[in-house]
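Quick note, the sequences are listed as chains A and B, same order. No gaps in the numbering here: position 210 of the first sequence is 210 in the working numbering, and each next residue is one more. Going from the second sequence to the working numbering is simple: count from 1 and add 350. The structure appears right after this line, and notes come after that.
Protein chains: 2
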Amino acid sequence: MKGIRALARHLDISIGTVSRALNGRPDVNPETRARVMEAARALGYTPNQSGRSLRQGVTNTIGFMIEMSPDANASSDDFFMGVFEGVQTVLTRHKLDLVVFPCPAQENSVDYLARIVRRGLVDAMIISATRRRDDRVEYLDKAHIPFIALGRSDSGPNMRWVDLDFEGVAKSSVERLVAQGHRRIALAIPADDINLGHVFHDAYRATLEAQGLAYDPALVFHAQRVLEGGYDLAAAVTSLPDRPTAILLSSEVLSLSLYRGLQERGIRAGRDLAVIGFRNNPRARFLTPSLTCHSVSLSELGQTLAETLLAGMPAYAALYPERDRNLIWPMELVKGESDDFVFADAGTTG
Amino acid sequence: MKGIRALARHLDISIGTVSRALNGRPDVNPETRARVMEAARALGYTPNQSGRSLRQGVTNTIGFMIEMSPDANASSDDFFMGVFEGVQTVLTRHKLDLVVFPCPAQENSVDYLARIVRRGLVDAMIISATRRRDDRVEYLDKAHIPFIALGRSDSGPNMRWVDLDFEGVAKSSVERLVAQGHRRIALAIPADDINLGHVFHDAYRATLEAQGLAYDPALVFHAQRVLEGGYDLAAAVTSLPDRPTAILLSSEVLSLSLYRGLQERGIRAGRDLAVIGFRNNPRARFLTPSLTCHSVSLSELGQTLAETLLAGMPAYAALYPERDRNLIWPMELVKGESDDFVFADAGTTG
Chain A
1 MKGIRALARH LDISIGTVSR ALNGRPDVNP ETRARVMEAA RALGYTPNQS GRSLRQGVTN
61 TIGFMIEMSP DANASSDDFF MGVFEGVQTV LTRHKLDLVV FPCPAQENSV DYLARIVRRG
121 LVDAMIISAT RRRDDRVEYL DKAHIPFIAL GRSDSGPNMR WVDLDFEGVA KSSVERLVAQ
181 GHRRIALAIP ADDINLGHVF HDAYRATLEA QGLAYDPALV FHAQRVLEGG YDLAAAVTSL
241 PDRPTAILLS SEVLSLSLYR GLQERGIRAG RDLAVIGFRN NPRARFLTPS LTCHSVSLSE
301 LGQTLAETLL AGMPAYAALY PERDRNLIWP MELVKGESDD FVFADAGTTG
Chain B
351 MKGIRALARH LDISIGTVSR ALNGRPDVNP ETRARVMEAA RALGYTPNQS GRSLRQGVTN
411 TIGFMIEMSP DANASSDDFF MGVFEGVQTV LTRHKLDLVV FPCPAQENSV DYLARIVRRG
471 LVDAMIISAT RRRDDRVEYL DKAHIPFIAL GRSDSGPNMR WVDLDFEGVA KSSVERLVAQ
531 GHRRIALAIP ADDINLGHVF HDAYRATLEA QGLAYDPALV FHAQRVLEGG YDLAAAVTSL
591 PDRPTAILLS SEVLSLSLYR GLQERGIRAG RDLAVIGFRN NPRARFLTPS LTCHSVSLSE
651 LGQTLAETLL AGMPAYAALY PERDRNLIWP MELVKGESDD FVFADAGTTG
């Protein structure tokens with residue numbers, strides 16, 4: 001069964017009604033629309049006005065896969081909720097629904113993703129927490145399902161993605177700390193293979209070297225991406241014989257426990273150790289000292305993510321003609337109290 | 351079309367294979383299983399071995415509806431992620447998938463829920479953030495779809511629910527503060543109509559009165575359920591002519607900004623004002639002072655929620671025979687530094 005005529009006959013509904021239902025027109029009874037959509041999906045309806053496949057354009061649902069590792073839970077904070085809100089703002093325009101698929105920690109993420117796709121639950125997918133090598137990207141390419149990644153990956157040179165400006169944040173943070181007189185600047189990146197860690201690290205190193213400072217691997221700390229990660233980080237940083245005077249975090253989630261860990265060792269964040277966090281999490285300004293970090297509107301990020309996805313789907317591409325396939329999302333420094341001092345140690349600076 | 355025979359004929363697959371697919375047996379090719387499930391859903395297959403409706407047992411998906419208000423985003427924290435993890439642990443046993451439906455803030459929650467149900471995306475629903483009167487409960491009852499609420503509601507006297515022990519937390523907190531010498535104990539509850547606010551308030555009042563203390567409505571603060579809520583709360587509490595010496599929060603999310611707001615007014619949390627939070631959020635122990643609060647395993651809570659839901663679904667009820675329809679989840683006090691002093695003000699205590 002392929003055409004709208006056969007579908008209408010099967011459902012015993014007029015072709016006009018089936019057509020309006022398939023096109024998401026509001027003048028169709030929702031029950032009728034649901035019946036039409038389900039039959040279209042089950043019976044392999046292909047609209048003849050375009051090359052839309054069975055999977056495209058018939059569920060009116062966009063999936064968003066998130067990872068449920070215990071790590072991700074604690075560090076996710078309000079991040080995804082904010083992004084979902086922005087994605088929904090755009091989808092609502094097109095009568096599309098956002099559905100979130102939380103991949104269980106113990107499950108292989110490709111198997112999980114494949115199950116969602118095979119069941120025909122979504123027209124397109126958004127994936128997040130991309131790895132430097134990410135098998136989900138290859139799977140989605142082969143399955144010919146439209147998708148976008150929140151994050152880059154070496155596995156998808158041609159895929160659509162939107163990512164935060166980790167390079168920019170690392171660069172401006174290192175430059176700022178150097179200008180304040182710091183020479184030993186530590187970096188905390190995730191302990192796992194998430195791509196942002198690589199991006200952050202490379203930009204940190206390049207900026208140090210551009211500033212004429214030696215890159216010292218002993219100053220790069222691998223912190224667990226959990227809330228408690230900052231506590232362990234405090235222990236590691238303070239146990240160095242030649243302690244750094246500043247630290248740059250690739251996740252602001254670590255800041256609270258870092259502060260506490262430092263305090264228990266008699267070291268004052270923002271006085272004895274300058275701290276620059278990553279994102280302007282709403283908590284940043286209530287910390288003491290408030291955290292110097294970088295602003296990002298999660299809602300706008302989510303909107304752009306959705307629009308960039310739709311720009312790659314035949315049914316919506318014409319509505320988003322000017323959209324680039326890839327976008328690095330700019331972030332701006334928000335001054336806090338956590339690096340609000342000029343460091344001048346006669347022993348190490350000239 | 352009703353029986354398995356007709357379904358097999360339609361799909362041109364053997365009855366045995368269709369049966370194995372419908373029963374979630376692992377020896378069926380996933381693609382085949384997806385085709386069978388989709389056809390079963392679209393064509394109205396009803397298994398004859400039980401009274402399972404079209405909606406039950408054919409999608410193998412359980413929905414979890416969460417609310418996407420800007421409020422809920424900030425305060426949700428890691429709460430839902432933790433609960434999802436527990437729900438999934440149980441669903442995985444039965445080859446069921448958890449799918450999360452984030453209801454957009456601007457959409458009517460009943461309309462949203464009805465759309466999910468009508469589209470036949472799920473076998474059962476979990477709802478959260480129940481209101482004292484909640485139209486979603488009536489809708490789900492009428493739609494004859496199995497569901498459970500994370501939270502109580504006056505709208506569902508017979509519904510299945512699991513809820514946190516707000517009464518127990520309010521009671522033990524007030525008793526503890528009274529034993530420490532406090533006589534003016536404030537309460538912060540949500541500004542909206544979420545049911546937990548009512549439950550918390552009633553238990554707070556009853557416990558005060560049982561302890562021989564007058565209930566003073568001036569000490570009940572309605573805080574926005576956002577991270578910043580504690581900051582405004584600090585202003586409100588400290589502006590009272592006869593300031594309370596202790597405060598009980600119905601959400602621990604307020605604590606960080608409350609501390610900051612107090613500090614900016616020269617008032618030390620845990621010294622000048624005792625604070626008891628609600629849940630043992632992983633952040634609680636890294637705050638300074640660490641927050642006295644109440645422990646709950648979100649994973650176990652999620653597991654119980656899922657099992658209590660399954661106990662009400664014909665296909666799974668036999669596996670969970672001893673499960674009560676309703677459960678108040680106990681929480682235990684975790685001592686922190688935020689109320690770690692005995693208050694003795696000669697002016698107000700005897």
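The C-beta atom is built at its ideal place from N, Cα and C for all residues, glycine as well. These figures come from a predicted structure and were not determined experimentally.
Euclidean distance between Cα positions of residue i and residue j
i: D690(B); j: A573(B); result: 24 angstroms
i: D552(B); j: C643(B); result: 19 angstroms
i: L648(B); j: S155(A); result: 35 angstroms
i: R283(A); j: D473(B); result: 38 angstroms
i: E209(A); j: K95(A); result: 50 angstroms
i: Y215(A); j: A206(A); result: 9 angstroms
i: T439(B); j: L177(A); result: 45 angstroms
i: Y259(A); j: G336(A); result: 14 angstroms
i: E85(A); j: D362(B); result: 43 angstroms
i: G479(B); j: F429(B); result: Checking the sequence shown, residue 479(B) turns out to be Ala, not Gly. A479(B) and F429(B): Cα-Cα distance of roughly 12 angstroms.
i: L441(B); j: A656(B); result: 7 angstroms
i: A389(B); j: A39(A); result: 8 angstroms
i: I189(A); j: F101(A); result: 26 angstroms
i: R9(A); j: G151(A); result: 45 angstroms
i: A585(B); j: P639(B); result: 19 angstroms
i: G616(B); j: A191(A); result: 39 angstroms
i: N108(A); j: R183(A); result: 43 angstroms
Close beta carbons around residue i, own chain, < 6 angstroms, minus the five adjacent residues each side
i: A661(B); result: A667, Y670 and R673
i: N676(B); result: W511
i: Y581(B); result: S607 and G611
i: E67(A); result: C103 and A129
CB-CB length for residue i against residue j, believed under 8 angstroms
i: V275(A); j: S338(A); result: 4 angstroms
i: Q550(B); j: F516(B); result: Going by the sequence as given, residue 550(B) is Phe instead of Gln. Confirmed, Cβ separation roughly 5 angstroms.
i: D193(A); j: R132(A); result: 6 angstroms
i: M313(A); j: R469(B); result: No, M313(A) and R469(B) are not in contact; Cβ-Cβ is about 20 angstroms, not under 8 angstroms.
i: R225(A); j: S251(A); result: 6 angstroms
Residue i versus the options, residue with shortest Cα-Cα distance
i: L357(B); options: R385(B), D515(B) and L500(B); result: R385(B)
i: R593(B); options: L583(B), I678(B) and S601(B); result: L583(B)
i: V99(A); options: S109(A), I62(A) and M68(A); result: I62(A)
i: G531(B); options: L623(B), N676(B), F571(B) and G652(B); result: L623(B)
i: F147(A); options: V162(A), I126(A) and R132(A); result: I126(A)
i: K492(B); options: P591(B), N545(B) and N508(B); result: N508(B)
i: L546(B); options: S589(B), L514(B) and S459(B); result: L514(B)
i: I678(B); options: V684(B), G652(B) and A665(B); result: G652(B)
i: A105(A); options: T304(A), Q211(A) and M65(A); result: M65(A)
i: N719(B); options: L361(B), V684(B) and E650(B); result: Limits of chain B in this structure are 351 at one end and 700 at the other, which puts residue 719(B) out of reach.
i: L291(A); options: E300(A), R271(A) and T304(A); result: R271(A)
i: T304(A); options: V87(A), R9(A) and R225(A); result: V87(A)
i: G82(A); options: A114(A), L249(A), E300(A) and R225(A); result: E300(A)
i: L213(A); options: A188(A), L249(A) and V174(A); result: V174(A)
i: V110(A); options: I189(A), Y139(A), V296(A) and T32(A); result: Y139(A)
i: V467(B); options: D484(B), T409(B) and R575(B); result: T409(B)
i: A536(B); options: M418(B), F693(B) and L598(B); result: L598(B)
i: F343(A); options: A246(A), S251(A), V28(A) and S250(A); result: A246(A)
i: R33(A); options: D484(B), R465(B), A665(B) and V646(B); result: R465(B)
Contact set for residue i: own chain, Cβ-Cβ below 7 angstroms, skip 5 residues either direction
i: Y462(B); result: C453
i: V169(A); result: F278, H294 and M331
i: K171(A); result: A203 and T207
i: L637(B); result: S605, L606 and Y609
i: H198(A); result: R132
i: R486(B); result: S459, V460, L463 and I477
Contacts around residue i, its chain only, beta-carbon distance under 8 angstroms, and the 5 residues preceding and following it disregarded
i: A568(B); result: L590
i: Q385(A); result: Any question about residue 385(A) goes unanswered here, given that chain A covers just 1 to 350.
i: L659(B); result: I412, A474, I476, P496, F497, I498 and R510
i: Q561(B); result: V524, E525 and V528
Margin query: Taking beta-carbon pairs under 7 angstroms, can you tell me which members of the region 243 to 259 of chain A lie near chain B?
Written below: For the region 243 to 259 of chain A, which is checked against every Cβ of chain B, the residues closer than 7 angstroms are L256 and S257.
Check: Using a Cβ cut-off of 9 angstroms, which residues of the region 226 to 239 of chain A contact any Cβ in chain B, in chain order?
Finding: Listed in sequence order: V226, L227, E228, G230 and Y231.
Next item on the list: Below 7 angstroms between beta carbons is the criterion; list the residues of the region 91 to 103 of chain A that meet it against any residue of chain B, in chain order.
Entry: Those would be T92, L98, V99, V100, F101 and P102, in chain order.
Note to self: Can you pull out the residues from the region 544 to 577 of chain B whose beta carbon lies closer than 9 angstroms to at least one beta carbon of chain A?
What the structure shows: Of all residues in the region 544 to 577 of chain B, V576 and L577 have a Cβ within less than 9 angstroms of some Cβ in chain A.
Next item on the list: Taking only beta carbons into account, state which residues of the region 657 to 673 of chain B come closer than 8 angstroms to chain A, listed in chain order.
Entry: So nothing in the stretch comes that close.
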